[in-house]
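Numbering (the numbering used here), first residue to last: 30 to 160.
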């Protein structure tokens with residue numbers, strides 16, 4: 030859903046996040062050559078339930094900080110800023126009403142050879158209603 034992608038980008042692309050994620054906020058993939066650290070968000074699943082004339086849509090998004098530092102601290106700090114913005118957040122999604130936005134399962138791993146990349150983030154369940 031483009032409206033939700035746009036809302037997430039706008040909600041995360043603010044000074045409190047980008048002060049640490051100086052490489053920016055990216056949907057699905059960071060642009061080639063993007064400087065670390067940065068934020069990547071990506072839709073993992075969606076479910077629609079039709080209740081009479083209304084719709085309830087549930088989305089699961091992976092949102093994480095990525096860093097090229099030797100240790101995980103920088104990616105973890107970016108993740109903390111993201112959590113502060115999204116947990117019980119106030120997303121404004123065109124044509125929908127936000128019912129819930131909650132952090133669920135955390136992710137934390139290292140990718141590649143030294144120094145490699147650290148990933149720290151979580152899956153967020155976002156529930157929207159549309160009358």
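The beta carbon of each residue, even a glycine, is placed where N, CA and C say it ideally should be.
Nearest-angstrom Cα separation, counted from residue j out to residue i
i           : j           : result
residue 109 : residue 58  : 20 Å
residue 101 : residue 80  : 44 Å
residue 104 : residue 140 : 12 Å
residue 38  : residue 76  : 21 Å
residue 64  : residue 53  : 8 Å
residue 60  : residue 66  : 13 Å
residue 128 : residue 111 : 19 Å
Cβ shell of residue i (< 6 Å), same chain only, five flanking positions each side left out
i           : result
residue 118 : 130
residue 71  : 57 and 91
residue 126 : 158
residue 78  : 85
Residue i: first and last residue of the uninterrupted alpha helix (DSSP H) it sits in
i           : result
residue 103 : 102-115
residue 31  : 31-41
Unbroken beta strand (DSSP E) run spanning residue i, endpoints
i          : result
residue 84 : 83-96
Coarse secondary structure for residue i, derived from DSSP in three states
i           : result
residue 151 : strand
residue 129 : strand
residue 68  : strand
residue 120 : coil
residue 50  : coil
residue 73  : strand
residue 134 : strand
Beta-carbon spacing of residue i, residue j below 8 Å
i           : j           : result
residue 68  : residue 46  : yes
residue 122 : residue 36  : yes
residue 41  : residue 106 : no
residue 154 : residue 84  : no
residue 96  : residue 138 : no
8 Å Cβ shell around residue i - same chain, five flanking residues per side excluded
i           : result
residue 82  : 160
residue 136 : 91, 93, 148, 149, 150, 151 and 152
residue 99  : 143 and 144
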